[in-house]
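Working notes, beginning with the structure itself.
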Amino acid sequence: MEILNYAFMQRALLAAVLVGITAPAIGIYLVQRRQALMGDGIGHVAMTGVGLGFLLSWSPVWMATIVSIVGAVLMELIRWYGRTRGDIALAMLFYGGMAGGVMFINLAPTGSNANLTSYLFGSLSTVSESDVTAIILLAAFVVLVTLGLRRQLFAVSQDEEFARVTGLPVRALNLLTAITAAVTVTVAMRVVGLLLVSALMVVPVAAAQQLSRSFAATFAIAVAIGVTVTIGGTVTSYYQDVPPGATIVLLTIGTFIALTALATPLARRRARALAAALPSGDPAECAIPASRGTDGKVGV
Amino acid sequence: MTEPVISLRGVHAELGSRPVLRGIDLTVHRGEVVALLGANGSGKSTAVRSVIGQVPVAAGEIELFGTARARFRNWARVGYVPQRTTAAGGVPATITEVVSSGRLSRTRFGLLRKADHAAVRRALELVGMADRAKDSVNALSGGQHQRVLIARALASEPELLIMDEPMAGVDLASQEVLARTLREQVAAGTTVLLVLHELGPLEPLIDRAVVLRDGCVLHDGPPPKAVGQHALPGHDHVHPHAAHDAEPIRTGLLS
Chain A
1 MEILNYAFMQ
11 RALLAAVLVG
21 ITAPAIGIYL
31 VQRRQALMGD
41 GIGHVAMTGV
51 GLGFLLSWSP
61 VWMATIVSIV
71 GAVLMELIRW
81 YGRTRGDIAL
91 AMLFYGGMAG
101 GVMFINLAPT
111 GSNANLTSYL
121 FGSLSTVSES
131 DVTAIILLAA
141 FVVLVTLGLR
151 RQLFAVSQDE
161 EFARVTGLPV
171 RALNLLTAIT
181 AAVTVTVAMR
191 VVGLLLVSAL
201 MVVPVAAAQQ
211 LSRSFAATFA
221 IAVAIGVTVT
231 IGGTVTSYYQ
241 DVPPGATIVL
251 LTIGTFIALT
261 ALATPLARRR
271 ARALAAALPS
281 GDPAECAIPA
291 SRGTDGKVGV
Chain B
1 MTEPVISLRG
11 VHAELGSRPV
21 LRGIDLTVHR
31 GEVVALLGAN
41 GSGKSTAVRS
51 VIGQVPVAAG
61 EIELFGTARA
71 RFRNWARVGY
81 VPQRTTAAGG
91 VPATITEVVS
101 SGRLSRTRFG
111 LLRKADHAAV
121 RRALELVGMA
131 DRAKDSVNAL
141 SGGQHQRVLI
151 ARALASEPEL
161 LIMDEPMAGV
171 DLASQEVLAR
181 TLREQVAAGT
191 TVLLVLHELG
201 PLEPLIDRAV
211 VLRDGCVLHD
221 GPPPKAVGQH
231 ALPGHDHVHP
241 HAAHDAEPIR
251 TGLLS
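From first to last, the protein sequence lines stand for chains A and B. The opening residue of the first sequence carries number 1 in the UniProt record's numbering; numbering runs sequentially from there. The opening residue of the second sequence carries number 1 in the UniProt record's numbering; numbering runs sequentially from there.
This is how it looks when you write it as structure tokens:
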């Protein structure tokens, strides 16, 4: 494989694989909590971090990590306290973050909107040694949290009220989820870009759901899809000279469509098998209910 | 009298700025089965949600097993069954995965050991869902889903069960399973506090009924007997509640 002979491609592939693992790993909890677009919001806020990094001549990756963690924690706090105007507060946070990024980068002596573009849409071939170090460290954190605390995060994301009664530190776990999502955004920033990162968090999970019935299987399939599309997109961009971030996202959506088409007959067969397995007293077809008291639905 | 498991004294709570509980006193003793009754908006759900700490208390005291609720940590002793609508995730999950969440209060760092898996299995058998253990919860009927939520509460082998409208939207077959499960738990000494819209098939199990109206205790004593057509077997108690804010409950004895 000549592609592996270039150091920049080695770095690019390593970064891509780590994003393929981490983005769906945290994304599954966001989807479970029905906060699928949280990654997108954090991506907007992270732009301020990138701008600040240029302005202060500090690593944009680490600066973006700090600012997006602050943004994610703010979002979580708004969810707790700002019941009525929560969406307005979030909108201000998102667009404030984006405007801040553009402003800071133009104030910076070395920065211009051209620099910003590589963070908005990814710039895989310019991933540096220090970027790779940062990405490995951050990805290790994300994997540790999403796998190590999977039962706790599952319980909190499935039913927050119940989780509280099992004595889980619900608020701490919610904050940890937000922080991990923020870290993942900055891991993915150089690969797919801030504006596309949410796609890698959400779409592999949605695609995996077409095939799975359990959370564990959804997790494994989503990560497998994530790794496949990030490698596939990176290799394609090398040979075809297309932008890797966009290629990866389009491949992910393509996978979703293909799996959905594949899964529809599978789901039908499963439903038939289930109907056949039902005890004979429980008819699969509609029947006149024996007495009042059923809620009008017929269990199939 | 035996030691109180739940004790509420002068509890006030507000949702938004509307007072929902206006000085509730409620004591549940060990081994008792207490039903919390009342019309929609009477505060019965808010009362149990204040017990588990989901609704902040504006004034008054709540104790669980003799410990102030704010300092209570031994949540493995409490099994909670929320109203069914609160428990739906955006990702498929199997029945076992959902019920295993209920065991977390007995584990260290969320690691399930052999005994924990056995407890989850037992809880599923109690509600008659063991054969569906690997099925997705999304494929279940309302009644089956409710049975799963009760199994989740039973997975920690609790001494106290708190249930919010366990019979709402549950088909007759599942109602019977639920009543049987509850009967077995009560026979084993479990204390139960449950919010009910009407007594229904659980009536023979209930030692005491507490009726709320407008955030105040209206009645605390033996469960009211159903009369008239409400007492007929299989009677499905349906009437519009939204029309009148303070519609009296129709359990017969009080209205």
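We treat Cβ as the ideally placed atom computed from N, Cα and C, and that holds for glycine.
Exposure label - residue i; buried when at least 16 CB within 10 Å
i      : result
A:N174 : buried
A:A12  : buried
A:P265 : exposed
A:S112 : exposed
A:N5   : exposed
B:R164 : Note on residue identity: the sequence assigns Asp, not Arg, to residue 164 of chain B. When all chains shown are included, B:D164 counts as buried.
A:S128 : exposed
A:Q32  : buried
A:W58  : exposed
B:Q144 : buried
A:V242 : exposed
B:G16  : exposed
B:Q185 : buried
Residue-level contact to chain A via CB, residue i, 7 angstroms cutoff
i      : result
B:G90  : yes
B:G200 : no
B:T94  : yes
B:E61  : no
B:P82  : yes
B:Q54  : yes
B:G110 : yes
B:S136 : yes
B:L193 : no
B:S101 : yes
Proximal residues to residue i (C-beta, below 7 angstroms), its chain only, five neighbours per side dropped
i      : result
A:R164 : V170
A:L74  : L93
A:L30  : A36, M38, G39, A181 and M201
B:G189 : G31
A:I288 : Note that A:I288 scores a pLDDT of 46, beneath 50, so its modelled location is shaky and nothing firm can be said.
B:Y80  : I52, A153 and I162
B:V20  : A13, E14, G43, T46 and G215
A:I3   : M9, V235 and Y238
CB contact check: residue i to chain B, cutoff 7 angstroms
i      : result
A:V165 : yes
A:R11  : no
A:A151 : Note that residue 151 of chain A is Arg in the sequence shown, not Ala. By this cut-off, A:R151 is an interface position.
A:V143 : no
A:F162 : yes
A:I28  : yes
A:V31  : yes
A:A155 : yes
A:T218 : yes
A:S198 : no
A:R190 : no
Presumed contact (8 angstroms Cβ cut-off) between residue i and residue j, rounded CB distance
i      : j      : result
A:G101 : A:T146 : Wrong, their Cβ atoms sit about 27 angstroms apart, outside the cutoff.
A:F215 : B:A93  : 4 angstroms
B:A179 : B:P201 : 5 angstroms
B:S101 : B:L112 : At roughly 10 angstroms, the Cβ-Cβ gap does not stay under 8 angstroms, so B:S101 and B:L112 are not in contact.
A:G122 : A:G20  : Actually they do not touch by this definition, with Cβ atoms about 13 angstroms apart.
A:T126 : A:L153 : With 8 angstroms as the limit, A:T126 and A:L153 do not qualify as a contact, their Cβ atoms being about 34 angstroms apart.
A:F104 : A:G51  : 3 angstroms
Element boundaries [beta strand (DSSP E), containing residue i]
i      : result
B:R183 : That residue, B:R183, is in no beta strand (DSSP E); its alpha helix (DSSP H) goes L172 to A187.
B:R22  : R18 to H29
B:A59  : A59 to L64
B:M163 : L160 to D164
B:A209 : R208 to R213
B:R9   : P4 to L15
B:T191 : T191 to V195
B:D220 : C216 to G221
B:A35  : V33 to L37
B:G169 : Looking at the DSSP string, B:G169 is not in any beta strand (DSSP E), and its letter there is neither H nor E.
Element boundaries [alpha helix (DSSP H), containing residue i]
i      : result
B:G102 : That residue, B:G102, is in no alpha helix (DSSP H); it is neither H nor E in DSSP.
A:Y29  : A7 to Q32
B:R121 : K114 to L126
A:V156 : R150 to Q158
B:G41  : From DSSP, B:G41 is part of no alpha helix (DSSP H); its letter is neither H nor E.
Proximal residues to residue i (C-beta, below 6 angstroms), its chain only, five neighbours per side dropped
i                      : result
residue 305 of chain A : Because chain A is modelled from 1 through 300, residue 305 of chain A falls outside the range shown and cannot be assessed.
B:S7                   : T27 and E63
A:H44                  : F94, G97 and M98
Other residues of its chain near residue i: CB distance less than 8 angstroms, five sequence neighbours each side excluded
i      : result
A:G254 : none
Residue i beta carbon near the ligand FAD (any heavy atom closer than 6 angstroms)
i     : result
B:R84 : Only the bare structure without any ligand can be found here, which leaves the ligand FAD out of the picture.
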